[in-house]
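The structure appears right after this line, and notes come after that.
Protein chains in written order, with the numbering used here: chain Z, -16 to 320; chain S, 14 to 354.
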């Protein structure tokens, strides 16, 4: 057993919501959360469930409605902005444009809470900047202008800036929002690696359920009704909280695969005989076309998959029709539809 | 690298300063000029008077106005995160004009801008105060609107319109004013580096110096603001107090200079871009002194061109700054467009 980690963030009876103005409204709570070093935490939840509000509250950008937050053992309320900036750094989904900054100087801004009156950097600052670039794999474009980066590169650079800020906690608000799929995967992989290598706690809000289930140590799932479920991904799936939070008429959470699926009106049941990859992908194709695939043999309507030296062959047996053979999945699908 | 560019700029400013003093409607030999500048007595009293009372104050005003306008433009470009921002573009100098017009037209039928200035210290301060207040008012409006409008070009158009509204307020006032006052005001709008001397030059220097100190204090905050408000906050910056500091210093710089020299265009928007291009940096610790030097140099050059040798008349300084500044603005827009494609 590992020794007990110290909590970097702890909340107690935290109520989050809009500031106590005219329309004071509580979005979620009470929340009792704990963040430890080395954890990758994914904050999930449908739109409007309060993900951004929670992150803004935890980072001190928004006042607490009621309850307590402590950062590294110190009540957040008593900390001034520069002190918070040494404990907690932030990456946003918005792109920084028109700044005329090059990548090195952008990362260097992470040293802002440590540098003197005029922001002059010392040797330690410069070492931190280089280390942050190395950790995030951005050393290759330190000289480039920030405006010339792709969205994926830009997010990595913003992350490098947060690392240079040298805080035990890094918070990312929907960092994958504008990225393509490979960039999203890479970013999540990078965040995972960072928690292991640096011992930082990383909290990210995201809509990428699949990625969150695969990579996070802890999931905070906001259910849109004011509640937050905290636990390891697998436990939450077993508890059935994903279905409750996300299920709507149009989509359906499949607890077997951890994927969201689009429920279809079934045309007909069909049985499929075969194995390996051809079986899996034939089943997917049939399901997409609205067939319910059963495991047992249905003598009236079934498909036999045979893999041989000449490729894959599909034989369709339907009651009252002669057997049909196909050498191509598309032909099979076209014939069935 | 940074130092050697600074030295070259210093040298160029020195040369431009001497050339600026050498040129004028009356020809004075260069050696005599050097004598006067270095404090020696020369035989020709009228030459000595021209240099000490007219040309030297004008060259100093050029240096002060150029530095101040350039730095106020730099601050605005960072604060609004808009490369096309500048005191003359976003209506700040129009706001300053409103302040000046209010003082001028409400001072009565007999007084004019020059007589107010002749009142000495209190009159000069009155104009600077009104001008800076007008500038701050428009700047605050622009800040409010820029929170809602993210598009740079749209913001630019809104700024121009704000300027138009402000200037039409002045026009309404003009319409009901005495003709002498209107003429006085119109002359002021052409912009002039001359006519600032003695006490006024000292006051202007003090105001611009104070504004520049405020900017230096804000230089680290300005760096953080390059990332936008939310990132700046996450770095531990108090965005509200940083904004107050930046608006105060920009209004003092742009307002003070506009009060005494009239609304001078394009220096504020163009110089920061030249500074970034020459020094290849976005750090305000470097850009602020760079803008001071390049702004001073550009203003001296503009002043030299406004009184080209052989010509008896002096062109209004606004015409020259527009001629030199507009191509820079076109270059900035074209380069951004190219980068976007």
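Just so you know, even glycine gets a beta-carbon here, dropped at the ideal spot from N, CA and C.
Contact belief for residue 112 (chain S) with residue 147 (chain S) at Cβ below 8 Å, rounded distance in angstroms: To locate residue 112 (chain S), count along the second chain from 1; it is residue 99. To locate residue 147 (chain S), count along the second chain from 1; it is residue 134. So it is a contact: roughly 3 Å between Cβ atoms.
Partner residues on chain Z for residue 196 (chain S), Cβ-Cβ distance less than 9 Å: Reading the second chain from its first residue, position 183 is the one you call residue 196 (chain S). By Cβ distance, chain Z contributes nothing, its closest Cβ being about 42 Å from residue 196 (chain S), past 9 Å.
Residue nearest to residue 269 (chain Z) in terms of C-alpha spacing, selected from Z:259, Z:280, Z:282, Z:252: Residue numbering aside, residue 269 (chain Z) sits at position 286 when the first chain is read from its first letter. Out of Z:259, Z:280, Z:282, Z:252, Z:252 has the C-alpha closest to the C-alpha of residue 269 (chain Z).
Sequence ranges, beta strand (DSSP E) only - wholly within the region 212 to 238 of chain S, length at least 3: none
Residues within the region 35 to 52 of chain Z neighbouring chain S, beta-carbon criterion of under 7 Å: 42, 44
Start and end residues, beta strand (DSSP E) containing residue 274 (chain Z): Your numbering for residue 274 (chain Z) matches position 291 in the first chain. Where residue 274 (chain Z) is concerned, the enclosing beta strand (DSSP E) stretches over 274 to 277.
Complete runs of the alpha helix (DSSP H) confined to the region 216 to 298 of chain Z [at least 4 residues]: 216 to 222, 224 to 229, 259 to 271
Cross-chain neighbours of residue 103 (chain Z) in chain S, by beta carbon under 8 Å: Here residue 103 (chain Z) refers to the residue found at position 120 when the first chain is read from its first residue. Residues of chain S passing the Cβ test: 298.
Euclidean distance between Cα positions of residue 68 (chain Z) and residue 20 (chain Z): The residue given as residue 68 (chain Z) occupies position 85 in the first chain. The residue given as residue 20 (chain Z) occupies position 37 in the first chain. Approximately 17 Å between the Cα atoms of the pair.
Beta-carbon neighbours of residue 249 (chain S), restricted to chain Z and to distances below 9 Å: What you label residue 249 (chain S) is simply residue 236 of the second chain in a count that begins at 1. Correct list: 63, 64, 65, 66, 67, 68, 69, 95, 96.
Alpha-carbon spacing of residue 77 (chain S) relative to residue 309 (chain S), whole angstroms: Taking the first residue of the second chain as position 1, residue 77 (chain S) is located at position 64. Taking the first residue of the second chain as position 1, residue 309 (chain S) is located at position 296. Looking at the two C-alpha atoms, the distance is approximately 7 Å.
Residue 162 (chain S) in three-state terms, based on DSSP: The count along the second chain starts at 1 and reaches residue 162 (chain S) at position 149. Here residue 162 (chain S) sits in coil by DSSP.
Endpoints, beta strand (DSSP E) assigned at residue -8 (chain Z): Locating residue -8 (chain Z) in the first chain gives position 9, counting from the first residue. Run containing residue -8 (chain Z): -10 to 0, per the beta strand (DSSP E) assignment.
Whether residue 270 (chain S) touches residue 284 (chain S) by CB criterion (8 Å): Taking the second chain and counting its residues from 1, one reaches residue 270 (chain S) at position 257. Taking the second chain and counting its residues from 1, one reaches residue 284 (chain S) at position 271. Result no, Cβ atoms of residue 270 (chain S) and residue 284 (chain S) do not sit closer than 8 Å.
Proximity test, Cβ basis, 8 Å: residue 76 (chain Z) and chain S: Here residue 76 (chain Z) is taken as the residue at index 93 of the first chain, counted from 1. No, residue 76 (chain Z) does not count as interfacial toward chain S.
Range of the contiguous beta strand (DSSP E) that encloses residue 13 (chain Z): Indexing the first chain from 1 puts residue 13 (chain Z) at position 30. Counting along the chain, the beta strand (DSSP E) containing residue 13 (chain Z) begins and ends at 9 to 14.
Contact check, residue -8 (chain Z) vs residue 52 (chain Z), beta carbons under 8 Å: To locate residue -8 (chain Z), count along the first chain from 1; it is residue 9. To locate residue 52 (chain Z), count along the first chain from 1; it is residue 69. Yes, the Cβ-Cβ distance between residue -8 (chain Z) and residue 52 (chain Z) is below 8 Å.
Chain S within 8 Å of residue 153 (chain Z), Cβ atoms only: In the first chain, residue 153 (chain Z) corresponds to position 170, counting from 1. For residue 153 (chain Z), the answer is no, since every Cβ of chain S falls outside 8 Å of its Cβ.
Residue 342 (chain S), buried or exposed, once every other Cβ within 10 Å from all chains shown has been counted against 16: The sequence position of residue 342 (chain S) within the second chain is 329, counting from 1. Counting Cβ neighbours within 10 Å, residue 342 (chain S) comes out buried, since at least 16 surround it.
Whether residue 79 (chain S) touches residue 280 (chain S) by CB criterion (8 Å): Locating residue 79 (chain S) in the second chain gives position 66, where the first residue counts as 1. Locating residue 280 (chain S) in the second chain gives position 267, where the first residue counts as 1. Cβ atoms of residue 79 (chain S) and residue 280 (chain S): closer than 8 Å.
C-alpha gap between residue 36 (chain S) and residue 328 (chain S), whole angstroms: Looking up residue 36 (chain S) in the second chain gives position 23. Looking up residue 328 (chain S) in the second chain gives position 315. Answer to the nearest angstrom: the Cα atoms are 13 Å apart.
Buried versus exposed, by CB contacts within 10 Å (16 or more), residue 318 (chain Z): On the first chain, position 335 is the one that residue 318 (chain Z) refers to. Exposed: under 16 other Cβ atoms inside 10 Å.
Beta-carbon proximity check, residue 147 (chain Z) vs residue 111 (chain Z), cutoff 8 Å: By one-based count along the first chain, residue 147 (chain Z) stands at place 164. By one-based count along the first chain, residue 111 (chain Z) stands at place 128. Closer than 8 Å, so yes.
CB-CB length for residue 188 (chain Z) against residue 38 (chain Z), believed under 8 Å: Within the first chain, the letter at position 205 stands for residue 188 (chain Z). Within the first chain, the letter at position 55 stands for residue 38 (chain Z). That belief holds up - the Cβ atoms of residue 188 (chain Z) and residue 38 (chain Z) are roughly 6 Å apart, short of 8 Å.
Cα-Cα separation, residue 181 (chain Z) to residue 26 (chain S): Walking along the first chain from the start, residue 181 (chain Z) turns up at place 198. Walking along the second chain from the start, residue 26 (chain S) turns up at place 13. Whole-angstrom Cα-Cα distance: 51 Å.
Test: residue 290 (chain Z) CB closer than 8 Å to a CB of chain S: Counting from one through the first chain, the residue named residue 290 (chain Z) turns up at place 307. No, residue 290 (chain Z) does not count as interfacial toward chain S.
Cβ-Cβ distance between residue 183 (chain Z) and residue 140 (chain Z) below 8 Å: The sequence position of residue 183 (chain Z) within the first chain is 200, counting from 1. The sequence position of residue 140 (chain Z) within the first chain is 157, counting from 1. Not closer than 8 Å, so no.
Proximity test, Cβ basis, 8 Å: residue 73 (chain Z) and chain S: By 1-based counting over the first chain, the position of residue 73 (chain Z) is 90. Judged by the 8 Å Cβ criterion, residue 73 (chain Z) is in contact with chain S.
8 Å Cβ cutoff, residue 149 (chain S) in contact with chain Z: Position 136 of the second chain, counted from the first residue, corresponds to residue 149 (chain S). Residue 149 (chain S) does not count as touching chain Z.
The region 242 to 251 of chain S touching the region 114 to 121 of chain Z, judged by at least three CB pairs closer than 8 Å: no
Neighbour-count burial assignment, residue 326 (chain S), 16 or more Cβ in a 10 Å radius: Your numbering for residue 326 (chain S) matches position 313 in the second chain. It is exposed - the Cβ of residue 326 (chain S) has fewer than 16 other Cβ atoms within 10 Å.
Nearest neighbour of residue 294 (chain Z), chosen from Z:305, Z:309, Z:-10 [CA to CA]: Along the first chain, one-based indexing puts residue 294 (chain Z) at 311. Answer by Cα proximity: Z:309.
Proximity winner among S:101, S:240, S:116, relative to residue 177 (chain S) (alpha-carbon distances): Stepping through the second chain from its first residue, residue 177 (chain S) is reached at position 164. Nearest option by C-alpha distance: S:101.
From S:240, S:109, S:73, residue whose alpha carbon lies closest to that of residue 208 (chain S): The residue labelled residue 208 (chain S) in the question sits at position 195 within the second chain. Ranking S:240, S:109, S:73 by Cα distance to residue 208 (chain S) puts S:73 first.
From S:32, S:39, S:16, S:301, residue whose alpha carbon lies closest to that of residue 287 (chain S): Translated into the one-based positions of the second chain, residue 287 (chain S) becomes position 274. The option with the nearest alpha carbon to residue 287 (chain S) is S:301.
For residue 88 (chain Z) and residue -14 (chain Z), the rounded distance between their alpha carbons: On the first chain, position 3 is the one that residue -14 (chain Z) refers to. On the first chain, position 105 is the one that residue 88 (chain Z) refers to. A caution first: residue -14 (chain Z) carries a pLDDT of 48, below 50, which makes its placement in the model unreliable, though a value can still be read off. Their Cα atoms are separated by approximately 39 Å.
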